[in-house]
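**Student:** Residue numbers (this note's numbering), protein chains in the order written: chain S, 647 to 1117; chain Y, 647 to 1117. Yeah, the Cβ is synthetic: ideal placement off N, Cα and C, and Gly gets one too. Questions regarding the structure given below will be posed in turn.
Here it is as structure tokens:
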């Protein structure tokens, strides 16, 4: 995507009549909101390994996915097209909150005393308070278009469940959410948000699915996991011809929908007159990170810029930095296709850390592949350090971040402090994928000095390897 | 404020190349954010009655307020100037989130099947999630400019305390908040937000003030009230020369700071090509309502438009619709000046309804005066009806409203349904002063069918009248 002088002319100024005043927020007009999603697969030096059928271990075809997804999404999942047009009906809903702002973190920079220039792309202005509606809306739309009546899904921190509930209400679909038990109990506000949008919410493991009952029989007090909740949602969708399943991260089409973040950020960085030297985002399933990074990766592969792109994950759930790159199931029950990804094993149940959106045993196969190609870096951080970064950010920039993006903020702040020592005027771009207003219990734990920083151990790794599927 | 063709040209379109597509969000550029606040006093047919000294019952002078407020704010409180310039240091912070969007509620209109056109000015994109930072920021700025080190305040629902905590962090001030006990216990997320911004939070009544201890001695289990919390915050501020007090509503300068809402909305309604027939906002202390309504009232008084302007309050705390217009204290302890307002009596403790921001015994003296002049109307609604409106709004427009603005939404929806019967194409503008993400416990109570709708009774009124100050 070329950025011309006309787009630069959209640059905002902070005070009338004072063009030299510092600009802290870069906005776009509605007609600058992307009209296509970007499919990074088209530009990779080699395609990602195919998903395999869980029974035959042969590459799956579109028909294998048909019980779970509508054909439009299946085609997007396997597409090699570079750009896929965004339907008007989806873009109309995007325009309820998009384009989202890009901020220059002047106040944080001053507090750090750094010569680095820090930018953050803020997705917290969406109805769900995060980036998740970017894919929830098209997923709900394509399902409604295919005549589906109900969507099922899982949710960990609650951001995804909230987003899909919102999206289903927009297109008149029923929505049924399995919320990880620990989150269900700790986050009644999240449940109420989903109910406000009209969704039905079950704690997971639940007694409404065969898989949930099997888990409860063995572990009546199971805190649940994303892998278990996925199995439950998939089980219900697969049994009802009017029901399909929606996933909030991991899959190719989900990451593709999120590229609206990066496409907007490219325009906004051009308005700011800066090119990123470092792009940093948190990774759970990978959708927020991929959404920001992929359009910049395209520019990097085309030689138009050369940013370092870094994924940051929790030290207690370090899929990219410590996981094994192999074929594994996306869910705990082994109902999904086998996908090649960095994984801690599909029956790994992470410690109940507060960045619930990052507690997934695997990593997006696309992110995993790109990491193996050496196109991105990875880092892992403990949660106390991340919350400290979040508090520093709130007191300077005025936004209380969700626990997930504080992982990226911790790295951004580290880099900015390194620049203070070296004098480098590095340009850092980070993904602030949501605000923390529904995650304040986590901040309460931080202020009460109750956070525990578990590290993923060698014993965890041994257990993970022992349970990987044998191909 | 004149709106010319250039400003209309800023109209947004929803899809590239399709100028006829429906526009649902009207945005402004940074240079369209107001550079002055509007002081409605300058345009009223008669000035509001003066505040009286609580001891002498004589009109107070600026020096009487000096222990509580810096001189810049005192001058704004008594000013007769029509426009007061917004300092650059304040406007720079406003630009972290302003201008806020004006939305056309196409989706709600379709759900109602109404020919009415419904617009809402949405203040939930601010760091605190409400309109409160519009005044918190200038109040913190003027105090910092005057060399003040610490601000004290009260908070009911928590929106104001959050906003002032954010603002104090921006200017390096300490912030100490007395949070109404019922809210402190029910809303730990709110407390954590304030702590994230660096504030100290006490439950009110507290044992750190003489007044708090006196209340606790008589009522150890007191749920608190805004009036009690104000007394505590005022007591601490009055005793320390480096500390001042900040109020989140009620006062003239607070309502004036909020007029940035209405000034932006005037430009945005012009972009939409519509003139409001009805403007409706919720009222607790009156700042959100006044902020939207006053610039439109100016236009009405000048004969440039003729909207009906209506304030909506909870049936259980109906200051305008059932209160007495007389001199009363702003706080329960009788430490503030006497102000002429619609009041339920300064020792009235409202039922613990969920729209905590509307549970104040009095009404802004300025709103009260304007109501007595016949320039605005008032209505009161029970909370179940308001939550039902909030849920309908969330499922159509995608934003879960705070409990407070659902009172205005209930009236807007009623009017729109009346238009469905009459066929009138009425233009309705409402103030969506915040989102409900930190108030989801209230929605949980609604979904669990646990809300109780108390009405303000004749016995309540008798008790209120018996305790009014005798002048």
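Three-state secondary structure (DSSP) at residue 806 of chain S?
**Tutor:** Locating residue 806 of chain S in the first chain gives position 160, where the first residue counts as 1. Note: residue 806 of chain S maps to helix in three-state DSSP.
**Student:** Report yes or no: is there a C-beta of chain Y within less than 7 angstroms of the C-beta of residue 839 of chain S?
**Tutor:** Your numbering for residue 839 of chain S matches position 193 in the first chain. Closer than 7 angstroms: yes.
**Student:** Please name the residues in the region 745 to 775 of chain Y whose beta-carbon is closer than 7 angstroms to at least one beta-carbon of chain S, in chain order.
**Tutor:** 771, 773 and 775
**Student:** Along the region 1034 to 1055 of chain S, what residues have a CB closer than 7 angstroms to any CB found in chain Y?
**Tutor:** 1037, 1040, 1041, 1044, 1045 and 1046
**Student:** Once DSSP output is grouped into helix, strand and coil, what is the label at residue 698 of chain Y?
**Tutor:** Working through the second chain from its first residue, we reach residue 698 of chain Y at position 52. The answer is strand: DSSP assigns residue 698 of chain Y an E or B state.
**Student:** Could you tell me which residues DSSP puts in a beta bridge with residue 683 of chain Y?
**Tutor:** For the purposes of this step, residue 683 of chain Y is taken as residue 37 along the second chain, with counting starting at 1. Bridge partners of residue 683 of chain Y: Y/730.
**Student:** Quick check: the region 914 to 928 of chain Y against the region 955 to 962 of chain Y, are there 3 or more CB pairs under 8 angstroms?
**Tutor:** yes
**Student:** Given a threshold of 16 other Cβ atoms within 10 Å of its Cβ, counted over all protein chains shown, does residue 1103 of chain S qualify as buried or as exposed?
**Tutor:** Within the first chain, residue 1103 of chain S is the residue found at index 457, counting from 1. Residue 1103 of chain S comes out exposed.
**Student:** For residue 1090 of chain Y, go through chain S and note every residue whose CB falls closer than 9 angstroms to its CB, in chain order.
**Tutor:** Counted from its first residue, the second chain places residue 1090 of chain Y at position 444. In chain order: 834, 835, 837, 838 and 841.
**Student:** Does DSSP classify residue 1059 of chain S as helix, strand or coil?
**Tutor:** Taking the first chain and counting its residues from 1, one reaches residue 1059 of chain S at position 413. Looking at residue 1059 of chain S - three-state DSSP - the assignment turns out to be helix.
**Student:** Could you tell me the boundaries of the beta strand (DSSP E) in which residue 821 of chain S lies?
**Tutor:** Against the first chain, residue 821 of chain S aligns to sequence position 175. Counting along the chain, the unbroken beta strand (DSSP E) around residue 821 of chain S starts and ends at 820 to 826.
**Student:** Are three or more beta carbon pairs between the region 1006 to 1013 of chain Y and the region 927 to 944 of chain Y nearer than 8 angstroms?
**Tutor:** yes
**Student:** Among Y/867, Y/734 and Y/1009, which has the Cα closest to the Cα of residue 679 of chain Y?
**Tutor:** Your numbering for residue 679 of chain Y matches position 33 in the second chain. Closest option to residue 679 of chain Y, judged by alpha-carbon separation, among Y/867, Y/734 and Y/1009: Y/734.
**Student:** From which residue to which residue does the alpha helix (DSSP H) around residue 957 of chain S run?
**Tutor:** Locating residue 957 of chain S in the first chain gives position 311, counting from the first residue. That residue, residue 957 of chain S, is in no alpha helix (DSSP H); its beta strand (DSSP E) goes 954 to 960.
**Student:** How would you label residue 1075 of chain Y, buried or exposed, when you count the other beta carbons within 10 angstroms and need 16 or more for buried?
**Tutor:** As a position in the second chain, residue 1075 of chain Y is number 429, starting the count at 1. Buried, since its Cβ has 16 or more Cβ neighbours within 10 Å.
**Student:** Residues of chain S with CB under 8 angstroms from residue 1087 of chain Y, in chain order?
**Tutor:** Looking up residue 1087 of chain Y in the second chain gives position 441. Going along chain S in sequence order, the residues near residue 1087 of chain Y (Cβ under 8 angstroms) are 834, 835 and 838.
**Student:** Distance check for residue 767 of chain S and residue 749 of chain S, CA to CA, integer angstroms please.
**Tutor:** Counted from its first residue, the first chain places residue 749 of chain S at position 103. Counted from its first residue, the first chain places residue 767 of chain S at position 121. C-alpha separation (whole angstroms): 6 angstroms.
**Student:** Taking all protein chains shown into account, do 16 or more other C-beta atoms lie within 10 angstroms of the C-beta of residue 1113 of chain S, making it buried, or fewer, making it exposed?
**Tutor:** Position 467 of the first chain, counting from 1, holds the residue named residue 1113 of chain S. Exposed.
**Student:** Residue 936 of chain Y versus chain S: which residues are under 9 angstroms apart at the beta carbon?
**Tutor:** Translated into positions along the second chain, residue 936 of chain Y becomes position 290. The contacting residues do not exist; residue 936 of chain Y stays about 24 angstroms from chain S at best.
**Student:** With a CB to CB cut of under 8 angstroms and the five nearest residues on each side skipped, what residues in its chain are close to residue 716 of chain S?
**Tutor:** For the purposes of this step, residue 716 of chain S is taken as the residue at position 70 of the first chain. Within the same chain, residue 716 of chain S has close Cβ partners 788, 789, 791, 792, 794 and 890.
**Student:** Helix, strand or coil: which one does DSSP assign to residue 703 of chain Y?
**Tutor:** Counting from 1 along the second chain, the entry for residue 703 of chain Y is found at position 57. In the structure shown, residue 703 of chain Y sits in coil (DSSP, three-state: anything other than H, G, I, E or B).
**Student:** Taking C-beta pairs closer than 7 angstroms, name the residues in chain Y that residue 729 of chain S reaches, listed in chain order.
**Tutor:** Taking the first chain and counting its residues from 1, the one referred to as residue 729 of chain S is at position 83. Near residue 729 of chain S there are no residues of chain Y at all, since even the closest Cβ is about 14 angstroms away, more than 7 angstroms.
**Student:** Does the beta carbon of residue 917 of chain Y come closer than 7 angstroms to any beta carbon on chain S?
**Tutor:** Reading the second chain from its first residue, position 271 is the one you call residue 917 of chain Y. It does not; no Cβ of chain S falls within 7 angstroms.
**Student:** At a CB distance below 8 angstroms, what residues from the region 806 to 835 of chain S approach chain Y? Give them in sequence order.
**Tutor:** Contact residues of the region 806 to 835 of chain S toward chain Y are 812, 815, 816, 834 and 835 (C-beta to C-beta distance below 8 angstroms).
**Student:** Can residue 1049 of chain S and residue 1039 of chain S be called in contact, C-beta distance under 7 angstroms?
**Tutor:** Position 403 of the first chain, counting from 1, holds the residue named residue 1049 of chain S. Position 393 of the first chain, counting from 1, holds the residue named residue 1039 of chain S. It is not a contact, given that the beta carbons lie outside the stated cut-off.
**Student:** The beta strand (DSSP E) with residue 925 of chain Y in it runs from where to where?
**Tutor:** Residue 925 of chain Y sits at position 279 when you count from the first residue of the second chain. Looking at the DSSP string, the run of the beta strand (DSSP E) that includes residue 925 of chain Y is 924 to 928.
**Student:** Would the beta-carbon of residue 938 of chain S fall within 7 angstroms of that of residue 908 of chain S?
**Tutor:** As a first step, residue 938 of chain S is located in the first chain; it is residue number 292 there, counting from the start. As a first step, residue 908 of chain S is located in the first chain; it is residue number 262 there, counting from the start. Yes, the pair counts as a contact, with Cβ atoms nearer than the cut-off.
**Student:** Mind checking residue 1005 of chain S: buried by the 16 CB within 10 Å criterion, or exposed?
**Tutor:** Against the first chain, residue 1005 of chain S aligns to sequence position 359. So residue 1005 of chain S ends up on the buried side.
**Student:** How about residue 1020 of chain Y: is its C-beta nearer than 7 angstroms to some C-beta of chain S?
**Tutor:** Within the second chain, residue 1020 of chain Y is the residue found at index 374, counting from 1. By this cut-off, residue 1020 of chain Y is not an interface position.
**Student:** Hey, residue 802 of chain Y and residue 1002 of chain Y: beta-carbon distance below 7 angstroms or not?
**Tutor:** Here the question's residue 802 of chain Y lines up with position 156 in the second chain. Here the question's residue 1002 of chain Y lines up with position 356 in the second chain. Their beta carbons are under 7 angstroms apart, which means residue 802 of chain Y touches residue 1002 of chain Y by this criterion.
**Student:** Where does residue 791 of chain Y sit, in a helix, a strand or coil, going by DSSP?
**Tutor:** In the second chain, counting from the first residue as 1, residue 791 of chain Y sits at position 145. Helix at residue 791 of chain Y.
**Student:** Would you decide whether residue 873 of chain S is buried or exposed? Buried here means 16 or more other CB atoms lie within 10 Å of its CB.
**Tutor:** Counting from 1 along the first chain, the entry for residue 873 of chain S is found at position 227. Burial call: buried.
**Student:** Taking 7 angstroms as the limit between beta carbons, can you name the residues of its chain near residue 753 of chain Y, skipping five residues before and five after?
**Tutor:** Counting from 1 along the second chain, the entry for residue 753 of chain Y is found at position 107. So the list reads 1042 and 1043, once near-sequence residues are dropped.
**Student:** Could you tell me which residues DSSP pairs with residue 964 of chain Y in its beta bridges?
**Tutor:** Taking the second chain and counting its residues from 1, one reaches residue 964 of chain Y at position 318. According to DSSP, which records beta bridges pairwise, residue 964 of chain Y is partnered with nothing at all.
**Student:** What does residue 844 of chain S touch in chain Y if you count any residue whose Cβ is under 7 angstroms from its own?
**Tutor:** For the purposes of this step, residue 844 of chain S is identified with residue 198 of the first chain, where counting begins at 1. Within 7 angstroms Cβ-Cβ: 1041.
**Student:** With H, G and I counted as helix, E and B as strand and the rest as coil, what does DSSP make of residue 801 of chain S?
**Tutor:** Residue numbering aside, residue 801 of chain S sits at position 155 when the first chain is read from its first letter. Three-state DSSP puts residue 801 of chain S in a strand.
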